[in-house]
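Participant: The listed protein sequences correspond, in order, to chains Z and E. Start counting the first sequence at 1; every next residue gets the next number (our numbering). Start counting the second sequence at 1001; every next residue gets the next number (our numbering). Note that the Cβ used here is the ideal one computed from N, Cα and C, for glycine as well.
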Amino acid sequence: MRVDPEPTLMRADCTLNTVGIGCFVRQDEDMPTPYERPVPPTEARAAERRAARPTLTRPAEGKVIAGVAIGLAHHLGWQVRWIRLGLVLISIPTGAGLVAYIFLWALTPQSRGGVVGRGRRAVDPADAAAVAAAGTPVTEQVTGTSERDATRVLLVGGLLLGIGLVVVAQKAGLNARLGILIPLLVVAAGAVLAWSQLDDSQRGRWLGSEAGTKRFSVARLAFGGVLALAGLVIMATRGRSFAAIWDIGAAVLAVLAGIALISAPWVLRFWSDLRHEQAELARATERADIAAHLHDSVLQTLALIQRKAGDAGAVTQLARAQERELRSWLYAGPSDSDASLATAVVEAAHEVEDLHGTPIEVVSTGDRPLDDGGQALVRAVRESLLNAVRHGAPPVSLYLEVGPAGVEAFVRDHGPGFEVGEIPEDRLGVRQSILGRMERHGGTAKVRRLEQGTEVSLGLPPVLRPPQPDPHPENPQPVSKETREHA
Amino acid sequence: MNTPEKKPVEVVLVDDHRMFRSGVRAELGTTVSIVGEAPDVDTAIAVIRQTKPPVVLLDVHLPGGNGNGGIDVLHGCKGLETADGQPVRFLALSVSDAAEDVIAVIRAGARGYVTKTISANDLTRAIQRVADGDAVFSPRLAGFVLDAFGAAAGEVAQVDEELDRLSAREREVMRLIARGYQYKEVAKELFISVKTVETHVSSVLRKLQLSSRHELTAWAMGRRLL
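#1: Should A1026 of chain E be flagged as near chain Z, meaning a C-beta pair shorter than 9 Å?
#2: Cutting at 8 Å between CB atoms, please list the residues of its own chain near P394 of chain Z, excluding the five before and the five after it.
#3: With 8 Å as the C-beta to C-beta threshold (strictly closer), list the residues of the stretch 363-390 of chain Z near chain E in chain order.
#4: Within 10 Å of its beta-carbon, does E451 of chain Z have 16 or more other beta-carbons around it, so buried, or fewer, so exposed?
#5: By alpha-carbon positions, which one of E:K1188, E:Y1183, E:D1122, E:A1099 ends up nearest to L1146 of chain E?
#6: Closer than 9 Å, CB to CB, is K1207 of chain E near chain A or not?
#7: Who does V1231 of chain E pair with in a DSSP beta bridge?
#8: Is it true that the CB of L370 of chain Z sits closer than 9 Å to the CB of L460 of chain Z?
#9: So T1124 of chain E and L1205 of chain E are in contact, right, with Cβ under 8 Å, and what is the actual spacing, rounded?
#10: How about the stretch 1069-1084 of chain E and the stretch 1118-1137 of chain E: do they share at least three Cβ pairs that are nearer than 8 Å?
#11: How close, in whole Å, do the beta carbons of A348 of chain Z and I434 of chain Z come, if the pair is a contact with beta carbons under 8 Å?
#12: Does DSSP classify D372 of chain Z as helix, strand or coil?
#13: Given V362 of chain Z, which residues of its chain have a CB within under 6 Å of its CB, disregarding the five upstream and five downstream residues?
#14: Closer than 8 Å, Cβ to Cβ, to anything on chain E: give me those residues from the stretch 406-417 of chain Z, in chain order.
#15: Pull the bridge partners of K446 of chain Z from the DSSP assignment, please.
#16: How about L1013 of chain E and I1034 of chain E: are their beta carbons less than 9 Å apart?
#17: Do G1112 of chain E and A1126 of chain E have their CB atoms nearer than 9 Å?
#18: Starting from P1063 of chain E, find everything on chain Z with Cβ-Cβ shorter than 9 Å and list it in chain order.
#19: Can you give me the C-alpha to C-alpha distance between V352 of chain Z and R390 of chain Z, rounded to a whole angstrom?
#20: Between A1142 of chain E and chain Z, is the shortest Cβ-Cβ distance under 9 Å, so that the two count as touching?
#21: Identify the residues that DSSP records as bridge partners of D247 of chain Z: which are they?
#22: Listing by chain order, which chain Z residues have their CB less than 8 Å from the CB of P1139 of chain E?
#23: Just confirm the distance between the C-beta atoms of A1092 of chain E and V1060 of chain E, as a whole number of angstroms; I'd bet it's less than 8 Å.
#24: Taking 9 Å as the threshold (beta carbon to beta carbon), is D1147 of chain E in contact with chain Z?
#25: Which residues, in chain order, does the stretch 1168-1179 of chain E contribute to contact with chain Z at a C-beta distance below 8 Å?
#26: Return helix, strand or coil for Y399 of chain Z, following the three-state DSSP convention.
#27: Classify F1137 of chain E as helix, strand or coil using the three-state DSSP reduction.
#28: Does the distance from the C-beta atom of G231 of chain Z to that of V186 of chain Z stay below 9 Å?
#29: Do you know offhand how far F410 of chain Z's Cα is from R382 of chain Z's?
#30: Does T1117 of chain E come within less than 9 Å of chain Z when only Cβ atoms are used?
#31: Please classify L165 of chain Z as buried or exposed, where buried requires at least 16 neighbouring CB atoms within 10 angstroms.
#32: Between E351 of chain Z and chain E, is there a C-beta pair that is closer than 9 Å?
#33: Out of curiosity, what's the CA-to-CA distance linking R1175 of chain E and R440 of chain Z?
#34: Taking the straight line between their C-alpha atoms, what separation do you get for G71 of chain Z and A96 of chain Z?
#35: Just tell me which of Z:I305, Z:V192, Z:G258 has its CA closest to the CA of A228 of chain Z.
#36: Counting only beta-carbon separations shorter than 9 Å, does K1007 of chain E have a partner in chain Z?
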């Protein structure tokens, strides 16, 4: 078996743990980036054609009201400001632009990711000014909050502008028939407020667990509803006495109550059916996920085990690796510490286990971010483990303790043991990769011979100390003589 | 701690996997005799109440009962004693290394915890130790204890009786067990007798069971790894 520790570390890290440290280290310079790929002319044309008409979607970012204008701009390849100007212009005489906008809003799906970057760039100066006016610094990253602020500012501004226009029109002698216009506007505002709850980007917050935002959403919905209702009532009672409102209100309420009473059972059943269906769907999806995962992992491994039934070592190794994988899938939540010392050490141990098939009992307490010294420790631990599984005897155990007093790691095997003094000068495994490496990083390393077996103890000082520059940076070839010997 | 002159330890084996039960039965040598088996919580309680064995090998995950598996069995057999007046002791056996399972079953009264991948020899030794009234700590359990009591972070009890922290000596013992040392190796390392090591381990177990340290449960819940 060819053993080539350092490159394998990288590779294994990339496959075992897609966000492992190895992946960051392994950045091949000669790797072609997707952008530099020479595109054949036909393909390029095809791509251009495809790119010329992106699907009509509403981006979540950079929008003023619902992102319709930006979506249209992307779709048609025009500048977003012209679209907006056009929409406003055709809205003024007949309201056609407004109707078109609402139509598109209702019918265009919201995009997820993808065009976000472009959408952000498409934010026109007016938006930026609005954001600035809202008291938020204009940054490259337009955050959700500043966007909401901008929307609010624009809404208020638009309302004031509308009132101004109406006043001017009145002065100029145009009869705008305020009696209808104002209730209509109120209804529209209420509807927009209430409907905006149905927007995809809001739904998350609407259903979100954060009590604050939920309360805000409910308040908005209620306010919108009341506003729309008030508008309708004003419209319905226009020109009549105040007492008539009560009659109409009572009649409307009676009708509504009657409808509610009659339809309640159906609505309730429909609702519970819907809930039931949703739960079923969620369960089915979950089951499908589990089935897919088991198929990809456990079933494949079982098939492999059946084929290698004669090879006890291989079977054990497969079973261990599979067990570990399944365990991490079952018990580990989404890992939040990609570059933590404990994770890296555990990864290294698993990898040695995979290489040699010797089980390693790993126990770790505490954790800290992975720094330079930590990297050195991980490599030294790995080298110690390799030594232990090669020259020692199982059980091999690894204990890592990260505390305020520093980091300590112990690698212990139950083999015949050896003394550092007895190691020939030309064997660099222990001397260079373990002892030397730890010293270079301000740590300590000791090899102890026990009654049964050997224990390597590694130590690092607490992290408060500023990291010392490494005079001998980790060369990519600490492949020791000793390693080759066993290759 | 094999004491050959002793008569075989009587053990009830509780596990819902028949294959595993027959495997253990085949593996365990002459120092252990299996007097009963049970595949679920209710059968287990009935069998244990009837046979009153000195040691019960208890799987953490079991069907039946209130849905808490091994913990239900532990609660159902509370205060039970063998014919010669010793309490019935439990050794938890699990395929799960999840901290919340381990800590929960220990706090419910188990005298130790081992994984199902343990070798037959080690299992025999662990059963013997539990029968003698000692605690069985695997390196992993020791690691959990160090973490849960904040001992790894340097918290050490000023008084030995303090329930929420480990004493300096207990911390040392736990650290050595976590490093893969056997009890007698721990004893040699610390220049104390094996009996003293056992005392320390039992005292840690007691703290683990009695401590009201609220972080303990929270910690076990939060740490769903390993």
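Facilitator: Judging by the given coordinates:
#1: no
#2: T358, P359, D413, H414
#3: V363, S364, T365, G366
#4: exposed
#5: E:A1099
#6: Absence of chain A from the displayed structure is noted, the protein chains being Z and E.
#7: This structure leaves residue 1231 of chain E out entirely; chain E is present only between 1001 and 1226.
#8: no
#9: That pair is no contact at about 20 Å.
#10: no
#11: That belief does not hold up - the Cβ atoms of A348 of chain Z and I434 of chain Z are roughly 13 Å apart, past 8 Å.
#12: helix
#13: V346, A349, L398
#14: F410, R412
#15: Z:S457
#16: yes
#17: yes
#18: Ordered by position in chain Z, no residue passes the 9 Å Cβ test against P1063 of chain E, which lies about 18 Å from the chain.
#19: 10 Å
#20: yes
#21: BP columns for D247 of chain Z are empty, so no partner.
#22: E361, V363, S397, Y399
#23: 6 Å
#24: yes
#25: R1175, A1178, R1179
#26: strand
#27: coil
#28: yes
#29: 11 Å
#30: yes
#31: exposed
#32: no
#33: 27 Å
#34: 19 Å
#35: Z:V192
#36: no
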